[in-house]
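All residue numbers for the sequence shown refer to UniProt numbering, where the first residue is 1 and numbers rise by one.
All C-beta atoms, glycine included, are put in the ideal place defined by N, C-alpha and C.
It should be emphasised that the depicted structure is a prediction, and the values quoted were computed from it without experimental measurement.
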Amino acid sequence: MEQRPDILCIGSVLWDIIGRSPSTLRLGSDVPGRITRLPGGVAMNIAHTLARFGQRPAVLTAIGRDAEGEALIAACKPLGVLTDFAYRSTDLPTDRYMAIEGGAGLVAAIADAHSLEAAGAKILAPLGDGRLGRAEQPWAGPVALDGNLTQALLAEIAQSPLFARADLRIAPASPGKAERLLPLLSHPRATFYVNLEEAGLLCQTRFDGAEAAAGALMARGARRVLVTDGGRLCADACDGEILCRIPPPVMVRRVTGAGDTFMAAHIVAEDRGLARAGALERALQAAADYVSGEVG
């Protein structure tokens with residue numbers, strides 16, 4: 001029997017294959033390190049963190065019926081992530097993400113989310129067939145949406161009655177996919193979570209800091225936006241007011257998934273009634289704990 005989730009996470013759920021080394025890496029480096037394979041993808045990372053904070057998240061995504069897909073479904077269960085509503089295809093393989101991280105952070109990454117893109121609007125079926133809502137009675141809870149969806153599908157979501165009552169929380173997935181979110185930028189129920197580079201791509205310019213980037217996104221029509229900049233000042237802009245905080249200083253041991261952790265922690269903090277300043281501080285602390293390796 002399908003369980004009723006607290007929040008929907010729409011986007012990529014795949015295998016993260018991460019190679020990490022404490023060494024400083026250059027082109028052609030061949031160094032010792034660790035290689036891990038874990039459930040990942042933006043939607044999955046957000047869902048996992050939400051579950052860790054006591055929420056019951058469900059993912060709307062595409063997962064193959066291949067051996068990797070079956071293993072991924074099995075791995076999601078003990079993490080508290082509901083996969084009951086995922087689109088399962090016999091024709092599409094399970095997606096993968098591969099990254100190399102060195103002592104100075106992310107060196108390079110490749111996201112193979114072609115199956116998610118090919119599945120398209122099929123992943124949204126539960127929102128219209130009565131399992132999670134219908135056009136006349138749409139889902140009224142929070143939705144975490146990631147930019148691994150195609151621009152066409154994101155544009156469809158921006159106009160869809162299925163999302164008319166949703167609290168949309170949106171992340172680009174990567175700088176290379178930030179511009180896909182332009183159709184949603186002025187959505188009246190959207191909150192954007194972007195880093196400084198992604199903010200610059202959405203505004204087609206470069207910024208020196210998060211506060212300026214947040215102000216520019218508001219000027220372009222965003223209702224609310226949170227801009228992060230690694231260990232530097234973070235900004236939360238809403239209703240013409242920009243709130244800024246500096247993240248706690250920590251030793252960085254990993255970076256893949258940090259932004260997703262920040263977003264999930266912020267959603268939970270606001271769901272628990274924290275005001276803007278408290279929610280921002282809680283999210284920054286959660287992200288700091290994550291990159292320092294204090295949490296799994």
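1. Name the residue from D66, G80, L79, C76 whose alpha carbon lies nearest to the alpha carbon of R88.
2. Starting from the C-beta of L202, find all residues in its chain whose C-beta is less than 6 Å away, skip the five residues before and the five after it, and write them out in chain order.
3. Give me the Cα-Cα distance between M44 and T261, rounded to the nearest whole angstrom.
4. CA-CA distance, A171 and W139?
5. If you draw a straight line from the C-alpha of L182 to the C-alpha of P249, how long is it?
6. Hey, G215 and A199 are a contact pair by Cβ (cut 8 Å); roughly how many whole angstroms apart?
7. Are the beta-carbon atoms belonging to L92 and A51 less than 8 Å from one another?
8. Which word fits residue 315, buried or exposed, when buried means at least 16 other C-beta atoms lie within 10 angstroms of its C-beta?
9. Could you check if E101 is buried or exposed, using at least 16 other CB atoms within 10 Å of its CB as the buried criterion?
10. Since I believe I73 is in contact with T61 (beta carbons under 8 Å), could you give me their beta-carbon distance rounded to a whole number of angstroms?
11. Work out the CA separation of G221 and A71 for me, nearest whole Å.
12. Just the C-alpha distance for R20 and P57, rounded to the nearest angstrom, thanks.
13. Alpha carbon to alpha carbon, how far is I18 from T256?
14. Does the Cβ of S27 have 16 or more other Cβ atoms within 10 Å, making it buried, or fewer, making it exposed?
15. Would you report the Cα separation of F24 and V252, rounded to the nearest angstrom?
16. Residues bridged to W15 by DSSP?
In short, the structure shows the following:
1. In the sequence shown, the residue the question calls residue 88 occupies position 88. Minimum Cα distance to R88 is reached at D66.
2. To locate residue 202, count along the sequence shown from 1; it is residue 202. So the qualifying residues of the chain are A178.
3. In the sequence shown, the residue the question calls residue 44 occupies position 44. In the sequence shown, the residue the question calls residue 261 occupies position 261. Their backbone Cα atoms lie some 10 Å apart in a straight line.
4. Here residue 171 refers to the residue found at position 171 of the sequence shown. Here residue 139 refers to the residue found at position 139 of the sequence shown. When rounded, the distance between both Cα atoms is 19 Å.
5. Counting from 1 along the sequence shown, the entry for residue 182 is found at position 182. Counting from 1 along the sequence shown, the entry for residue 249 is found at position 249. Rounded to the nearest angstrom, the two C-alpha atoms are 33 Å apart.
6. Position 215 of the sequence shown holds residue 215. Position 199 of the sequence shown holds residue 199. The Cβ separation is near 10 Å, so there is no contact.
7. The residue given as residue 92 occupies position 92 in the sequence shown. The residue given as residue 51 occupies position 51 in the sequence shown. No. Outside cutoff.
8. Here the chain comprises residues numbered 1 to 296, so residue 315 is not present and cannot be evaluated.
9. The residue you call residue 101 lines up with position 101 of the sequence shown. E101 comes out buried.
10. Along the sequence shown, read from residue 1 onward, the residue named residue 61 stands at position 61. Along the sequence shown, read from residue 1 onward, the residue named residue 73 stands at position 73. In this structure T61 does not touch I73 by the C-beta definition: roughly 11 Å separates them, more than the 8 Å allowed.
11. In the sequence shown, residue 71 corresponds to position 71, counting from 1. In the sequence shown, residue 221 corresponds to position 221, counting from 1. The alpha-carbon atoms of A71 and G221 are separated by roughly 42 Å.
12. For the purposes of this step, residue 20 is taken as residue 20 along the sequence shown, with counting starting at 1. For the purposes of this step, residue 57 is taken as residue 57 along the sequence shown, with counting starting at 1. One C-alpha to the other measures close to 29 Å.
13. Residue 18 sits at position 18 when you count from the first residue of the sequence shown. Residue 256 sits at position 256 when you count from the first residue of the sequence shown. Whole-angstrom Cα-Cα distance: 8 Å.
14. Residue numbering aside, residue 27 sits at position 27 when the sequence shown is read from its first letter. Looking at the sequence itself, residue 27 is Leu, so the reference to Ser does not match. Using a 10 angstroms sphere on the CB of L27, the tally of other CB atoms stays under 16, which defines it as exposed.
15. As a first step, residue 24 is located in the sequence shown; it is residue number 24 there, counting from the start. As a first step, residue 252 is located in the sequence shown; it is residue number 252 there, counting from the start. One detail in the question is off: residue 24 reads as Thr in this sequence, not Phe. When the Cα atoms are used, T24 and V252 turn out to be separated by approximately 13 Å.
16. As a working note, residue 15 is residue 15 in the sequence shown. Paired residues: P39, R96.
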